[in-house]
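Visitor: Structure in structure tokens, see below.
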């Protein structure tokens, strides 16, 4: 009996990992015959789990949603990850996120073994969570978008840009990313034929089309890297170059990792600088040691600002000497 119970629990664990398992593969994983597998599936159904079976080459077993929430089978590491995830979710800008997440966490921690509860509390005591952004996201919408990403389902929604422009979008969702205290959707925009990021808090009128698509290759290592590059591009609206009277090797010794994009130009070194504002661009010059000569390249606005700043600093120094 104990062996049967362990095997049924193992079956449940496998069904919770993947959406669908071919019967022969599932039986092989459990080390049983397909006849025994069918009996174990019936035992799960008797316990309230909706296990659907489909025949044919593309058939198999899958765990469907039921009318009530049956017990979940979690490994120790999965239980700790879920508990920490609930703590994080409470601060990540979901509508009613704190109330619902902490309520779920309280119920979840009641059934955690003492050793796992100790691990969760230890992690929580040393992790500091940033405050959420000002715009909250409805957890229901976030869940719908997440399911569309998982199932590779085309979706449509209304979107409001940062400039207040309204549009209708039809996209192939790829992944959700939490960045800059916002939830962002990475998706292929079908009308613009390009990859885009969308802030979920600016989405409304969500519609799942039930039309599935073949996944496309993302032009980045992963969705998080794509979002990071997009944010970086948006922030770096101004650029310039500092031509240092310094060899490339000496420049790297002075600047370290901050000189990664520098390039040699004869006996000099060109150091590219970028920033969201001209003032931030100007502040990069503070990294140049005072004993190194250099010249600036950039837009007329940047050069004019640098000249004004230099004159203002000289005036301030002369004023202090006069006192």
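Numbering (the working numbering), first residue to last: 2 to 324.
Backbone N, C-alpha and C fix where the C-beta goes; we use that ideal spot for every residue, glycine too.
1. Please name the residue or residues paired with residue 122 in a DSSP beta bridge.
2. Whole angstroms are fine: how far does the CA of residue 295 sit from the CA of residue 327?
3. Please identify the residue among 242, 275, 217, 289 whose C-alpha is closest to the C-alpha of residue 251.
4. Taking the runs of the alpha helix (DSSP H) that are 4 residues or longer, which of them lie wholly in the region 205-275?
5. Under a three-way DSSP split, which group does residue 300 fall into?
6. Which word fits residue 299, buried or exposed, when buried means at least 16 other C-beta atoms lie within 10 angstroms of its C-beta?
7. Below 8 angstroms, how does it come out for the region 242-249 and the region 199-210: are there three or more Cβ pairs, yes or no?
8. Taking the continuous alpha helix (DSSP H) assigned at residue 39, which residues delimit it?
9. Buried or exposed, going by whether 16 or more other CB atoms sit within 10 Å of the CB of residue 173?
10. According to DSSP, simplified to helix, strand and coil, what is residue 114?
11. Assign residue 278 to one of three DSSP states: helix, strand, or coil.
12. Alpha helix (DSSP H) containing residue 31: first to last residue?
13. Taking all protein chains shown into account, decide if residue 183 is buried (16 or more other Cβ within 10 angstroms of its Cβ) or exposed.
14. Would you be able to state if there are at least three C-beta pairs under 8 angstroms between the region 260-271 and the region 220-234?
15. Since residue 199 contacts residue 185 with CB under 8 angstroms, what's their CB separation in whole angstroms?
16. Comparing alpha-carbon positions, which option in 266, 272, 268, 267 lies nearest residue 257?
17. Our contact map puts residue 171 next to residue 157 with C-beta atoms below 8 angstroms; I'd like the distance itself, whole angstroms only.
18. Whose C-beta lies closer than 7 angstroms to the C-beta of residue 23 among residues of the same chain, with five residues either side of it excluded?
Guide: If we stick to the structure as given:
1. In DSSP, residue 122 forms no bridge with anything.
2. This structure cannot speak to residue 327, because the chain is shown only from 2 to 324.
3. 289
4. 224-236, 249-256
5. coil
6. buried
7. no
8. 35-47
9. buried
10. coil
11. coil
12. 24-31
13. buried
14. no
15. 7 angstroms
16. 272
17. 5 angstroms
18. 61
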